[in-house]
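Following: one structure in structure tokens, then a few remarks.
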Amino acid sequence: MKLWAFCSILTLFLCSPANALIRPEAISRQVDRENKFLNEELKLAREKGLYFVFNLKDRVISIKARGVTLRELRVEKVRFWGDYFEIKPRTLRKKSALFKPEREEIKPLKPEDTKKFELDALELEDMPSNYKLLIDDHISVSVRTKARGIFSWAMNFLSGIKWYMWRPLQTLWNFVKRETFSAIYLELDKEQARMLYWYFTEGSVNLMSSES
2 MKLWAFCSIL TLFLCSPANA LIRPEAISRQ VDRENKFLNE ELKLAREKGL
52 YFVFNLKDRV ISIKARGVTL RELRVEKVRF WGDYFEIKPR TLRKKSALFK
102 PEREEIKPLK PEDTKKFELD ALELEDMPSN YKLLIDDHIS VSVRTKARGI
152 FSWAMNFLSG IKWYMWRPLQ TLWNFVKRET FSAIYLELDK EQARMLYWYF
202 TEGSVNLMSS ES
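Take 2 as the starting number for the sequence shown in our numbering and just add one per residue.
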């Protein structure tokens with residue numbers, strides 16, 4: 002009797018219209034978006050020198066030049082909030098971090114000034130691992146690392162509060178202004194998060210999928 006009941010429930014689930022995974026139109030939409038993503042990347046490979054591809058479905062960020070992959074960064078966790086955006090190339094408008102890397106200001110020497118100075122290069126260790134990327138069309142990307150230590154745990158805790166409390170208010174405000182808003186949370190390894198900050202400079206072109 003129990004086996005018969007289990008089989009009946011399983012049959013109803015598989016045949017239910019709510020199970021969009023087996024509906025042809027759902028599969029068709031997914032194929033169309035994947036084709037659109039590939040076509041847009043092909044255009045970038047032909048037109049741009051260096052660009053970034055955020056494949057959120059496969060959790061990979063690729064740094065490419067003319068179609069050649071220079072480096073891949075693995076994304077360990079993805080969260081998405083807001084409007085699903087169109088697949089097209091966009092520009093990184095701004096990077097913001099609590100602790101930004103800074104180099105000492107260099108002042109030009111006067112002819113009579115004979116003192117020497119050294120230019121300190123910014124190393125990878127100087128890059129922040131927790132920061133925000135602001136991209137065209139009101140797309141906000143929060144990059145975080147796994148919590149290790151009390152400070153990292155506190156930062157991630159505050160980020161979680163902001164995600165679940167501030168994001169709905171921000172979405173409502175953008176709705177009032179009739180603007181779209183999308184927020185993406187990416188968790189990377191600490192070293193790879195720093196690499197992304199270093200390579201992904203303001204003004205860089207990127208292509209991003211909205212599926213996670």
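Backbone N, C-alpha and C fix where the C-beta goes; we use that ideal spot for every residue, glycine too.
Alpha carbon to alpha carbon, how far is Pro102 from Met128? Give it in angstroms, no decimals.
Translated into positions along the sequence shown, residue 128 becomes position 127. Translated into positions along the sequence shown, residue 102 becomes position 101. Roughly 6 Å between the two C-alpha positions.
Can you have a look at Asn40 and say buried or exposed, based on whether 16 or more other CB atoms are within 10 angstroms of its CB?
Here residue 40 refers to the residue found at position 39 of the sequence shown. Counting C-beta atoms within 10 angstroms of its own C-beta, Asn40 has fewer than 16 neighbours from the protein chains shown and is therefore classed as exposed.
Given Arg195 as reference, the closest of Gly204, Asn207, Ile185, Lys133 once Cα atoms are compared
Walking along the sequence shown from the start, residue 195 turns up at place 194. When each option's Cα is compared against that of Arg195, the closest is Lys133.
Which two residues bound the contiguous alpha helix (DSSP H) that contains Leu197?
On the sequence shown, position 196 is the one that residue 197 refers to. Leu197 -> alpha helix (DSSP H) spans 191-200.
CA-CA distance, Phe53 and Pro25?
For the purposes of this step, residue 53 is taken as the residue at position 52 of the sequence shown. For the purposes of this step, residue 25 is taken as the residue at position 24 of the sequence shown. Straight-line spacing of the CA atoms in Phe53 and Pro25 works out to 32 Å.
Option in Lys147, Ile62, Arg30, Asp33 with minimal Cα separation from Leu208:
The sequence position of residue 208 within the sequence shown is 207, counting from 1. Per the Cα distances, Ile62.
Where does Phe55 fall in DSSP's three states?
For the purposes of this step, residue 55 is identified with residue 54 of the sequence shown, where counting begins at 1. When DSSP states are grouped into helix, strand and coil, Phe55 belongs to the strand group.
What is the C-beta distance between Glu188 and Lys147, in whole angstroms, given that I count them as a contact (C-beta under 8 Å)?
Indexing the sequence shown from 1 puts residue 188 at position 187. Indexing the sequence shown from 1 puts residue 147 at position 146. About 7 Å separates the two Cβ atoms, so the contact holds.
Helix or strand or just coil, what does DSSP make of Leu120?
Here residue 120 corresponds to residue number 119 of the sequence shown, with the count starting at 1. Note on Leu120: pLDDT 45, under 50, position unreliable in the model; no value is reported.
For Lys44, name the three-state secondary structure that DSSP assigns.
Position 43 of the sequence shown holds residue 44. DSSP places Lys44 in the helix class (H, G or I) of the three-state scheme.
How about Gly83 and Phe182: do their beta carbons lie closer than 7 Å?
As a working mapping, residue 83 is identified with position 82 in the sequence shown. As a working mapping, residue 182 is identified with position 181 in the sequence shown. Yes, these two residues count as a Cβ contact at 7 Å.
What does Arg67 pair with, by DSSP beta-bridge criteria?
Numbered from 1 along the sequence shown, position 66 holds the residue referred to as residue 67. None; Arg67 has no bridge partner.
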